[in-house]
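S.K.:
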Amino acid sequence: MADTFASKPLTLRAARTRSPRNKWTTERIVFTTLNTVFLVLLAGLMIYPLLNTLAISFNNGQDAVRGGIGIWPRVWSLQNYSVVFHMSTLYQAFFMSVLKTVVVVATNLFFTSMLAYALSRNEFIFRRAITTIFVLTLYFDAGLIPNYLLIKDLGMLNSFNAYWVPTIISAFNLILLRTYMKSLPDEIVESARIDGAGEFRTWWQIVMPLCKPTLAVIGLFVAVGSWNSWLDTLLYNSNEQWLSTLQYELQKLLSSSMASGMNGAGQSGGAAAAAAGNQGTTPIALRSAITMVAAVPILFVYPFLQKHFVSGVMIGSVKG
Amino acid sequence: MTDNTVNKYSSPATALETSLPLATASRASKRKARKVAAKGPKRKITWDRIWAQRALMAMAVPLLLYQILFKYVPAYGWVIAFQHYRPGRGSIWNQQWVGLENFRNLFTGVNGKQFANVIVNTLGQSLLSLIVGTIGAIALALLLNEVKNLPFKRVLQNITYMPHFLSWVIVASLASVALSLPSSGGFINQALLNLHLIDHPILFLTQPNYFWQIVAGTNLWKELGWNTILYLAAITAIDPTLYEAAEVDGAGRYRKMFNITLPGIRPTIIVLLIINSGWILSTNFELPYFLGNGLVSERAQTIDVFVLRYGYQLGNYSVAVVAGIFKTVVAIILVGSANLAAKRFNQETLV
Numbered sequence: 000m001a002d003t004f005a006s007k008p009l010t011l012r013a014a015r016t017r018s019p020r021n022k023w024t025t026e027r028i029v030f031t032t033l034n035t036v037f038l039v040l041l042a043g044l045m046i047y048p049l050l051n052t053l054a055i056s057f058n059n060g061q062d063a064v065r066g067g068i069g070i071w072p073r074v075w076s077l078q079n080y081s082v083v084f085h086m087s088t089l090y091q092a093f094f095m096s097v098l099k100t101v102v103v104v105a106t107n108l109f110f111t112s113m114l115a116y117a118l119s120r121n122e123f124i125f126r127r128a129i130t131t132i133f134v135l136t137l138y139f140d141a142g143l144i145p146n147y148l149l150i151k152d153l154g155m156l157n158s159f160n161a162y163w164v165p166t167i168i169s170a171f172n173l174i175l176l177r178t179y180m181k182s183l184p185d186e187i188v189e190s191a192r193i194d195g196a197g198e199f200r201t202w203w204q205i206v207m208p209l210c211k212p213t214l215a216v217i218g219l220f221v222a223v224g225s226w227n228s229w230l231d232t233l234l235y236n237s238n239e240q241w242l243s244t245l246q247y248e249l250q251k252l253l254s255s256s257m258a259s260g261m262n263g264a265g266q267s268g269g270a271a272a273a274a275a276g277n278q279g280t281t282p283i284a285l286r287s288a289i290t291m292v293a294a295v296p297i298l299f300v301y302p303f304l305q306k307h308f309v310s311g312v313m314i315g316s317v318k319g
Numbered sequence: 000m001t002d003n004t005v006n007k008y009s010s011p012a013t014a015l016e017t018s019l020p021l022a023t024a025s026r027a028s029k030r031k032a033r034k035v036a037a038k039g040p041k042r043k044i045t046w047d048r049i050w051a052q053r054a055l056m057a058m059a060v061p062l063l064l065y066q067i068l069f070k071y072v073p074a075y076g077w078v079i080a081f082q083h084y085r086p087g088r089g090s091i092w093n094q095q096w097v098g099l100e101n102f103r104n105l106f107t108g109v110n111g112k113q114f115a116n117v118i119v120n121t122l123g124q125s126l127l128s129l130i131v132g133t134i135g136a137i138a139l140a141l142l143l144n145e146v147k148n149l150p151f152k153r154v155l156q157n158i159t160y161m162p163h164f165l166s167w168v169i170v171a172s173l174a175s176v177a178l179s180l181p182s183s184g185g186f187i188n189q190a191l192l193n194l195h196l197i198d199h200p201i202l203f204l205t206q207p208n209y210f211w212q213i214v215a216g217t218n219l220w221k222e223l224g225w226n227t228i229l230y231l232a233a234i235t236a237i238d239p240t241l242y243e244a245a246e247v248d249g250a251g252r253y254r255k256m257f258n259i260t261l262p263g264i265r266p267t268i269i270v271l272l273i274i275n276s277g278w279i280l281s282t283n284f285e286l287p288y289f290l291g292n293g294l295v296s297e298r299a300q301t302i303d304v305f306v307l308r309y310g311y312q313l314g315n316y317s318v319a320v321v322a323g324i325f326k327t328v329v330a331i332i333l334v335g336s337a338n339l340a341a342k343r344f345n346q347e348t349l350v
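Residue numbers (numbering that gives the first Met the number 0), protein chains in the order written: chain A, 0 to 319; chain B, 0 to 350.
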């Protein structure tokens with residue numbers, strides 16, 4: 000027994016130096032090469048559609064119809080983007096998307112964190128009942144048409160309010176934030192109380208700053224969701240051009256080119272496509288440019304989002 | 000990911016706080032106190048206590064009413080399932096009542112065949128996406144786990160996570176270009192032609208028989224990387240001494256993969272499969288809506304697409320609400336039993 004214990008570290012070290020982890024055996028070289036090649040190909044497959052669209056969007060429209068463009072434009076042209084940014088509907092839609100995203104994120108963080116704070120206080124007598132009611136909304140959905148009828152009955156059809164009022168709290172984010180707030184030491188809130196801070200002040204000035212990492216993660220996910228949504232525009236605000244969003248405009252363009260593209264021509268159809276014809280570009284090139292305009296904000300914030308996502312999780316796991 | 004985090008940071012906190020004396024009103028000791036007091040008289044909710052907590056009430060109660068208004072109140076719209084609803088008649092209380100006629104129409108009557116087909120499509124697309132997606136994510140997680148060069152691994156992860164953040168509109172746009180004729184930028188046809196796998200380009204989006212595979216493939220492209228996150232987290236939680244012991248016993252790379260890693264993440268796989276199958280009627284909406292067209296609708300139309308196209312856009316509100324009720328009720332049953340199953344499974348494996 001004593002013998003085994005004494006020799007254990009020795010054999011472990013010996014095993015480690017001899018283990019294939021640190022030695023370039025033939026098997027390891029072959030596997031690593033194959034694995035690397037496969038994963039690089041896979042990553043290429045993941046990113047190729049975007050690069051292809053990017054190349055087409057910078058290519059001359061007439062030339063793009065000939066096809067065969069890979070990841071580099073054949074005939075450079077900024078014409079497509081010039082058309083996109085001169086189409087007043089798209090211009091407006093871009094700013095509406097930005098405005099909507101900003102308002103949704105701000106109201107979401109404000110109200111979700113306020114409620115999460117109240118529900119994280121153990122002395123709050125209704126916290127269980129309220130939490131249950133919110134959690135059940137994760138599973139209960141009255142359906143598309145009943146929701147539409149409610150918005151209609153509230154007089155919010157064709158108004159900016161239809162974008163942000165129905166979505167100021169997400170039950171999932173609420174639970175996430177409440178759990179994080181509960182993990183903070185009670186002494187922080189108690190010392191604020193002793194210093195004379197009321198509930199609102201404790202929430203806004205003490206607890207909120209401590210939740211920054213989680214708030215950043217939630218905010219970024221809410222922002223992505225709001226930027227990417229199109230159904231709310233279709234259901235509630237499709238009759239007012241000034242309320243149109245970028246995703247909705249792109250979807251209109253997509254469905255019109257799908258309808259006409261079925262026989263393979265990929266030509267004409269829809270107002271935007273007509274505009275494309277007048278401006279010396281083609282629907283496919285124009286659509287690529289709009290796709291990039293709709294995707295670029297996401298691709299731009301994506302690296303930051305990754306970092307925050309990871310750091311939020313890390314800080315959460317170290318806490319306590 | 001979330002569950003993992005919660006577990007990681009809540010357990011040390013509890014451990015720390017239980018070691019503190021009870022007088023410091025810490026959370027854990029309070030919990031203990033509540034357990035002890037559970038048999039005694041419950042603390043009553045009195046007006047005094049409500050008044051003392053008026054600030055918390057002011058924070059929570061308006062938002063509670065808000066949530067009830069926007070999430071539960073819409074259920075009043077379910078009454079139009081029992082009506083012959085016409086928007087022109089104004090209020091939903093001013094409609095013609097028809098009893099269960101809409102239910103009969105949808106399940107057995109004029110819409111019966113169409114709706115049965117819609118359910119088959121929903122299940123087919125969801126199950127195919129779920130199976131392909133799960134197998135793909137596990138395989139990718141295993142391969143990523145073998146990459147020892149960390150910067151390279153991080154680049155791979157960032158690239159494969161990225162499509163998750165693109166909107167379905169953009170993804171559908173990319174997919175429809177990729178699947179079109181070579182002259183419209185269809186590089187999939189181009190590649191198949193160059194490899195001499197086909198003689199003539201295929202118009203994928205006009206062939207009903209390809210539609211489920213297209214949905215599953217596009218879902219795979221969008222979510223493959225993202226779905227590896229949980230599996231990768233589960234793999235890092237496996238005890239490294241298991242691998243060392245296996246190496247000493249002469250196990251190769253594949254033995255370790257199949258006999259240590261896969262069994263190690265099996266609970267995660269099963270729990271995720273169970274939870275995801277709870278959402279099986281609710282997942283496929285955007286792709287079949289964007290990519291579907293008249294030529295493929297026999298394979299493309301799912302419940303949500305049916306509700307939006309047939310109900311909302313053609314004005315058949317009553318039938319659409321019946322379909323919506325069906326979906327919600329089945330989804331609640333599925334999610335509820337899935338959660339129960341996941342819980343039971345988790346307990347058994349933990350013990």
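Don't be surprised by glycine CBs; every beta carbon is placed ideally from N, CA and C.
Does residue 256 of chain B have its Cβ less than 7 Å from a Cβ in chain E?
M.R.: In the displayed structure, chain E is absent; the protein chains listed are A and B.
S.K.: So, residue 117 of chain A versus residue 59 of chain B, is the Cβ gap smaller than 7 Å?
M.R.: In contact: residue 117 of chain A and residue 59 of chain B (Cβ atoms closer than 7 Å).
S.K.: Quick one: Cα of residue 174 of chain B to Cα of residue 217 of chain B, how far?
M.R.: About 7 Å.
S.K.: Quick one: residues in its chain with C-beta nearer than 6 Å to the C-beta of residue 102 of chain A, no 5 flanking neighbours on either side, listed in chain order?
M.R.: Once the five neighbours on either side are set aside, the close Cβ partners of residue 102 of chain A are 163.
S.K.: Run through the DSSP bridge pairs and tell me what residue 75 of chain A is partnered with.
M.R.: Its beta-bridge partners are A:58.
S.K.: Is the beta carbon of residue 228 of chain B closer than 7 Å to that of residue 260 of chain B?
M.R.: No, these two residues do not count as a Cβ contact at 7 Å.
S.K.: Return helix, strand or coil for residue 278 of chain B, following the three-state DSSP convention.
M.R.: It is coil, neither helix nor strand.
S.K.: Got a sec: does the ligand SAM put a non-hydrogen atom nearer than 6 Å to the Cβ of residue 84 of chain B?
M.R.: Questions concerning the ligand SAM fall outside what the structure shown contains, since it holds no ligand whatsoever.
S.K.: Identify the continuous alpha helix (DSSP H) that holds residue 221 of chain B and give its terminal residues.
M.R.: 210-235 is the span of the alpha helix (DSSP H), which, as asked, contains residue 221 of chain B.
S.K.: Using a Cβ-Cβ cutoff of 8 Å, what residues of the segment 226-256 of chain B are near chain A? List them in chain order.
M.R.: Going along the segment 226-256 of chain B in chain order, one finds 243, 246, 247, 251, 252 with a Cβ nearer than 8 Å to chain A.
S.K.: Just curious, the alpha helix (DSSP H) that residue 152 of chain B is in, first and last residue?
M.R.: Residues 149-160.
S.K.: Among A:49, A:218, A:115, A:288, whose alpha-carbon lies nearest the alpha-carbon of residue 245 of chain A?
M.R.: Nearest option by C-alpha distance: A:288.
S.K.: State the CB to CB distance for the pair residue 274 of chain B and residue 137 of chain B, rounded to an integer number of angstroms; the pair is presumed to be in contact (CB under 8 Å).
M.R.: Not a contact, Cβ separation roughly 16 Å.
S.K.: Does any CB atom of chain B fall closer than 7 Å to the CB of residue 163 of chain A?
M.R.: Answer no: the Cβ-Cβ gap between residue 163 of chain A and chain B never drops below 7 Å.
S.K.: Which of the residues in the segment 58-76 of chain A, read from start to end, lie with their CB under 9 Å from any CB of chain B?
M.R.: Here the close residues are 63, 64, 65, 66, 67, 68, 69.
S.K.: Under the three-state reduction of DSSP, which class applies to residue 113 of chain B: helix, strand or coil?
M.R.: Note: residue 113 of chain B maps to helix in three-state DSSP.
S.K.: With DSSP as the reference, label residue 96 of chain B as helix, strand or coil.
M.R.: Strand.
S.K.: Whose Cβ in chain B lies nearer than 7 Å to the Cβ of residue 140 of chain A?
M.R.: Simply 327.
S.K.: Look at the alpha carbon of residue 65 of chain B and the alpha carbon of residue 119 of chain B, and state the distance between them as a whole number of angstroms.
M.R.: Cα to Cα, residue 65 of chain B sits roughly 37 Å from residue 119 of chain B.
S.K.: Does the beta carbon of residue 197 of chain A come closer than 7 Å to any beta carbon on chain B?
M.R.: By this cut-off, residue 197 of chain A is an interface position.
S.K.: Are residue 324 of chain B and residue 50 of chain B close, meaning C-beta to C-beta below 7 Å?
M.R.: For residue 324 of chain B and residue 50 of chain B, no; Cβs fall outside 7 Å.
S.K.: When the cut-off is 7 Å and only beta carbons count, does residue 145 of chain B lie next to chain A?
M.R.: Cβ-Cβ to chain A under 7 Å: yes for residue 145 of chain B.
S.K.: Whole angstroms is fine: what's the gap from residue 226 of chain B's alpha carbon to residue 128 of chain B's?
M.R.: Using only the alpha carbons, I get a separation of about 12 Å.
S.K.: How would you write the range of the alpha helix (DSSP H) that residue 70 of chain B sits in, first residue to last?
M.R.: That residue, residue 70 of chain B, is in no alpha helix (DSSP H); it is neither H nor E in DSSP.
S.K.: Taking only beta-carbon positions, decide if residue 149 of chain A is within less than 7 Å of chain B.
M.R.: Yes, because at least one Cβ of chain B sits closer than 7 Å to the Cβ of residue 149 of chain A.
S.K.: Taking C-beta pairs closer than 7 Å, name the residues in chain A that residue 307 of chain B reaches, listed in chain order.
M.R.: Ordered by position in chain A, the residues that pass the 7 Å Cβ test against residue 307 of chain B are 143.
S.K.: According to DSSP, what are the bridge partners of residue 83 of chain B?
M.R.: Partner(s): B:95.
S.K.: Just the C-alpha distance for residue 70 of chain B and residue 143 of chain A, rounded to the nearest angstrom, thanks.
M.R.: The straight-line gap from Cα to Cα measures roughly 11 Å.
S.K.: If distances are taken between C-alpha atoms only, which option among B:177, B:333, B:278 comes closest to residue 45 of chain A?
M.R.: Of B:177, B:333, B:278, the residue nearest in Cα terms is B:177.
S.K.: Step through the CB atoms of chain A and report whether any lies within less than 7 Å of the CB of residue 5 of chain B.
M.R.: Because the pLDDT of residue 5 of chain B is 34, which lies under 50, any placement of that residue in the model is unreliable, and the question is left without a value.
S.K.: Residues of the segment 204-230 of chain A with a CB closer than 9 Å to any CB of chain B: list them in chain order, please.
M.R.: Of all residues in the segment 204-230 of chain A, 223, 226, 227, 228, 229, 230 have a Cβ within less than 9 Å of some Cβ in chain B.
S.K.: Residue 204 of chain A by DSSP, collapsed to three states: which one?
M.R.: Residue 204 of chain A: helix per DSSP, three-state reduction.
S.K.: Cβ of residue 132 of chain B within 7 Å of Cβ of residue 272 of chain B?
M.R.: Cβ distance not < 7 Å, so residue 132 of chain B and residue 272 of chain B don't count as in contact.
S.K.: Using a Cβ-Cβ cut-off of less than 8 Å, list which residues of the segment 312-325 of chain B approach chain A; keep chain order.
M.R.: Hits within the stretch, in order: 316, 319, 320, 323, 324.
S.K.: Given that residue 293 of chain A touches chain B, what residues does it touch there, using C-beta distances under 8 Å?
M.R.: Simply 166, 168, 169.
S.K.: I need the DSSP call for residue 244 of chain A, collapsed to helix, strand or coil.
M.R.: Residue 244 of chain A: coil per DSSP, three-state reduction.
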